[in-house]
Amino acid sequence: MTVFIMVGLPARGKSFISKKLERFLSWRGETVRIFNVGERRRKLASAQDASFFSKENLAVREDIAQGVLYEMVEWLRSSAPPSSNGLADPSRRFAIFDATNSVIAH
Amino acid sequence: MALTPRQTIGCSLGTLLLLVDRMLSVDRLDRAQAVRRRQVVAQTLDRELHGECQVIFVESVCNDTSVLERNLLQKISMSPDYCAMECEAALADLRTRIAQYESQYETLTTHERLSFIKLFDLSSELHLNLIYGSVARLVPYMMGIHIGRRPIWLVRAAHCEDAGDGGTPNSSGEPSESAFPSRRQGSQTVIVPRAAALSEEGLLFAQRLGAFVRARCVEHHVASDATLTQQREAPPATAGAGTADSMRPESTVSSVDAMSESGCVIYTSTLPRAIQTASFVPRLTRPHATSTLNPLDRGVAYGLTEEAFATGMAEDYARWRADLRHTRFPGGESYSDLIARLEPTLIELEQQTSPVLVVSHVSTLQVLSAYFTANSLEEALATSIPHHTVIEFKPSATTMMWERELIHLDDAVPPKSPATPAGGCHARHGPDAAAVIYPATVAMRQAQPEELR
């Protein structure tokens, strides 16, 4: 299994690259999933303007990122065959961790 | 003792320096933390997945202000965070957000001993560190990633002399064929000689295709020049000497310029009917005829309708149905084999920044379309690839990444002077010339029949 961890400031095309990679890998027949921290943040936190991204909120942001990280670990671990024909090999799984940058974990 | 003015200045300068140093060290601490956090993520994944996981960091760096401004505008127009905000307010907010991250941000370096791929300005500059094996095979694809707006046209080789009824588009222009040849009356197979030439109808389509591509290429060049002019007229606040400007000569957009630039990059299979189909199309470079775009080799099931395959070779058919992607047609290829050979061509299509035309066959076009539409292989094989129709894919800012449009060229009035060369290219590469270029192939293959795809 392979994990791609996106790194970069906002608006540098991280999600674009993630989606491109996902498209290409799944076209080749691999099992791929994007784990997007921004989407999770929008679901969980209410304030979404720049104030949310100040240093004071670092811990909250880290918690969200951490949650998505562990969800990704669970997905990579799960041995259930991802496709109906049961022929996909779990060792060929690709996960893409699309977070704002590498500010994750304690 | 009173301080001399000189000493006062010295003192306040010292205090200032101390302050700046403190600020910088806070900054350094943040940056050090960013680096340390990456190590923690890598270690967490390694621990939780018992060392079975390859961890690759992919960093996107943008120093080109024109690329960055474009990304910012794209982000505020697409991100749910900004849907309720005015454009100006959203831009200001996003810039504040970025500034907050910048203070904590540290770019990847080789000292961190992590595997990484660093992409610069979404162009073809890449830095790699500790990248091996299967991930290294993804590097050519990542080099091809760009944010250009060029269209890609997929076209099935036009109608042939010997195609018979099975290959003729019906009156609605929608043949019902999908993965397999459709059934013909009194026959279980659809076979057309591999070296078949285009029929009169096919040649007419080739001419219409030439006219269509010429018109679309002009549109494309005018549109991209307009975008460039817009960027020049309204330079972003932070822009210095825009890189995009300096890369591009200061040319005024005239129709003459657009015409001279308006060709496309052409890829065809090596079958004469595909080469001929592209022969009226204005080209930027010599067309690439490549066997990677040749039809799927169905082995013993070659030319058979799905029904004939299912009844005649029930066991093989059942095996194929159970795993469409990996089962080889006995004596032939699997779709997985086909995808593997198409991969380098797909990467080339992605890398192009000019409009691209691909002339190929049903099986290959179904597989290529699946990339652009994000369809599963099963869905792709159920998609019809009609004759005499252009399948256009344009990059799109939506989550779909590409928008698709089907353009039938059947109802158009045939161009009056179809063989008029653009820039003199066609004098040498007209449809007749195509047969002259490959005389040996034509002669050798004449005896070998081949299905119509």
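Line by line, the protein sequences are chains U and Z. The first sequence begins at -7 in the numbering used here and counts up by one. The second sequence begins at 4 in the numbering used here and counts up by one. Just so you know, even glycine gets a beta-carbon here, dropped at the ideal spot from N, CA and C.
By the criterion of Cβ-Cβ separation under 8 Å, what are the contact partners of residue i in chain U?
i      : result
Z/N74  : A3, R4, G5
Z/R457 : Not covered by the structure: residue 457 of chain Z. The range shown for chain Z is 4 to 456.
Z/C56  : M(-7), T(-6), V(-5), L68
Z/K78  : P2, A3
Z/V365 : Chain U residues near Z/V365: none, gap ~18 Å exceeds 8 Å.
Pick out whichever of the options has its Cα sitting closest to the Cα of residue i.
i      : options                        : result
Z/T402 : U/R4, U/E14, U/F86             : U/E14
Z/D462 : U/F(-4), U/V(-5), U/R4, U/T23  : The structure shown has nothing for residue 462 of chain Z, since chain Z only spans 4 to 456.
U/P2   : U/I88, U/V29, U/A87, U/T23     : U/V29
Z/A343 : Z/S294, Z/G315, Z/H391         : Z/S294
Z/E72  : Z/C56, Z/D124, Z/L52, Z/G266   : Z/D124
Z/Y305 : Z/E115, Z/G136, Z/V195, Z/R100 : Z/V195
Z/E105 : Z/R219, Z/D84, Z/S69, Z/V64    : Z/V64
Z/D326 : Z/L384, Z/T348, Z/P347, Z/G136 : Z/L384
Z/R159 : Z/A377, Z/S372, Z/D96          : Z/S372
Z/E346 : Z/Q103, Z/T110, Z/R41, Z/R140  : Z/R140
Z/G334 : Z/A321, Z/V43, Z/D300          : Z/D300
Z/K78  : Z/P389, Z/E62, Z/R98           : Z/R98
U/R20  : Z/R39, Z/N378, Z/A102          : Z/N378
Z/L3   : Z/G54, Z/I101, Z/C56, Z/A321   : Residue 3 of chain Z lies beyond the range of chain Z shown here (4 to 456); nothing can be said about it.
U/F16  : Z/T376, Z/E408, Z/A87, Z/I388  : Z/T376
U/V52  : U/W67, U/E31, U/S70, U/L36     : U/L36
Z/D82  : U/M(-7), U/I9, U/V24, U/E31    : According to the sequence provided, residue 82 of chain Z is Ser. The question's Asp does not apply to it. The shortest C-alpha separation from Z/S82 is found at U/E31.
U/R85  : Z/E382, Z/Q42, Z/Q57, Z/R116   : Z/Q57
Z/L265 : Z/C86, Z/A226, Z/R40, Z/A292   : One point to set straight first is that residue 265 of chain Z is Ser, not Leu, in the sequence displayed. Nearest C-alpha to Z/S265: Z/A226.
Z/Q42  : Z/P389, Z/V61, Z/E115          : Z/E115
U/I9   : Z/S126, Z/R50, Z/Y108          : Z/S126
Z/G205 : Z/F332, Z/E408, Z/F283         : Z/F283
Z/R39  : Z/G54, Z/Q107, Z/E55           : Z/Q107
Excluding sequence positions up to five away, which residues of its chain have a Cβ less than 6 Å from the Cβ of residue i?
i      : result
U/S7   : D90
Z/I59  : S118, V138
Z/E406 : K397, S399
Z/R358 : Residue identity check: residue 358 of chain Z is Pro in the sequence provided, not Arg. Closer than 6 Å at the Cβ level, and outside the excluded window around Z/P358, lie R153, P154, C220, H223, C267.
Z/E164 : A199, A200, S202
Z/F183 : T308, E309
Z/W323 : T330
Z/R328 : Y338, S339, L380
Z/G315 : none
U/S18  : V24
So, under 8 Å CB-CB, residue i and residue j are touching, yes? Tell me the CB distance rounded to an integer number of Å.
i       : j      : result
Z/P285  : Z/V216 : 6 Å
Z/T280  : Z/L380 : Not really, about 26 Å apart at Cβ, beyond 8 Å.
Z/V370  : Z/Y338 : 7 Å
U/V(-1) : U/A87  : Contact doesn't hold; Cβ gap of about 15 Å is too wide.
Z/A209  : Z/A161 : 6 Å
Z/Y270  : Z/V361 : 5 Å
U/I(-3) : Z/V44  : 6 Å
Z/G212  : Z/L368 : Residue identity check: residue 212 of chain Z is Leu in the sequence provided, not Gly. With 8 Å as the limit, Z/L212 and Z/L368 do not qualify as a contact, their Cβ atoms being about 14 Å apart.
Z/N132  : Z/T110 : That pair is no contact at about 12 Å.
Z/D96   : U/R34  : 15 Å between Cβ atoms; not a contact.
Z/S272  : Z/L287 : Going by Cβ atoms, the distance from Z/S272 to Z/L287 rounds to 20 Å, so no, they are not a contact pair.
U/V60   : Z/L48  : About 13 Å separates the two Cβ atoms, so there is no contact after all.
U/K11   : Z/M404 : 6 Å
Z/L341  : U/R69  : Actually they are not in contact, since the Cβ atoms of Z/L341 and U/R69 sit about 33 Å apart, beyond 8 Å.
Report all residues from its chain with a CB closer than 7 Å to the CB of residue i; omit the five preceding and five following residues, and keep chain order.
i      : result
Z/N173 : A caution first: Z/N173 carries a pLDDT of 36, below 50, which makes its placement in the model unreliable, though a value can still be read off. The answer is none, since no qualifying residue turns up.
Z/A317 : none
Z/L349 : L371, Y374
Z/L320 : The sequence given here places Tyr at residue 320 of chain Z; Leu does not occur at that position. Taken in chain order, the residues that qualify are F312, A313.
List the residues of chain Z that residue i touches, going by C-beta distances under 8 Å, in chain order.
i     : result
U/R34 : P83, D84
U/G59 : In chain order: nothing, as chain Z lies at least about 13 Å away.
U/V52 : Per Cβ cutoff of 8 Å: no residues; U/V52 is ~14 Å from chain Z at best.
So which residues of chain Z does residue i contact, with C-beta pairs closer than 9 Å?
i      : result
U/I135 : This structure does not reach residue 135 of chain U, given that chain U is present from -7 up to 98, and the question cannot be answered.
So which residues of chain U does residue i contact, with C-beta pairs closer than 7 Å?
i      : result
Z/S3   : Limits of chain Z in this structure are 4 at one end and 456 at the other, which puts residue 3 of chain Z out of reach.
Z/R197 : Simply none; closest approach about 28 Å.
Z/L111 : V(-1)
Identify, in the order they occur along the chain, each residue of the same chain with its Cβ nearer than 8 Å to the Cβ of residue i, setting aside the five sequence neighbours on each side.
i      : result
Z/S80  : A400
Z/H129 : Residue identity check: residue 129 of chain Z is Leu in the sequence provided, not His. Contacts found: I120, K121, L122, F123, V142, M145, M146.
Z/R276 : A160, A161, C163, A199, A200, L201, G205
Residue i versus chain Z: which residues are under 7 Å apart at the beta carbon?
i     : result
U/R15 : Y374, A377, M404
For residue i, which residues in chain U fall below 9 Å Cβ to Cβ?
i      : result
Z/L52  : M(-7), V(-5), V65, L68, R69
Z/I342 : W19, R20, G21
Z/L71  : A3, R4
Z/V225 : By Cβ distance, chain U contributes nothing, its closest Cβ being about 26 Å from Z/V225, past 9 Å.
Z/L307 : Within chain U, no residue comes near Z/L307; the closest Cβ sits about 23 Å away, beyond 9 Å.
Confirm the yes/no value for this check: CB of residue i, any heavy atom of the ligand NAD, distance under 8 Å.
i      : result
Z/L129 : Inclusion of the ligand NAD in the displayed structure is not the case, the ligand content being empty and no account of it being possible.
Can you find a C-beta in chain B that's less than 9 Å from the C-beta of residue i?
i     : result
Z/V44 : No chain B is present in this structure, whose protein chains are U and Z.
(message) If contact is defined by three or more beta carbon pairs under 8 Å, each pair taking one atom from either stretch, is the region 346 to 354 of chain Z in contact with the region 141 to 151 of chain Z?
(response) Judged by Cβ distances under 8 Å, the region 141 to 151 of chain Z makes contact with the region 346 to 354 of chain Z, as three or more pairs qualify.
(request) Please determine if the region 88 to 95 of chain Z and the region 147 to 154 of chain Z are in contact, where contact requires at least 3 C-beta pairs separated by less than 8 Å. (result) Touching, no.
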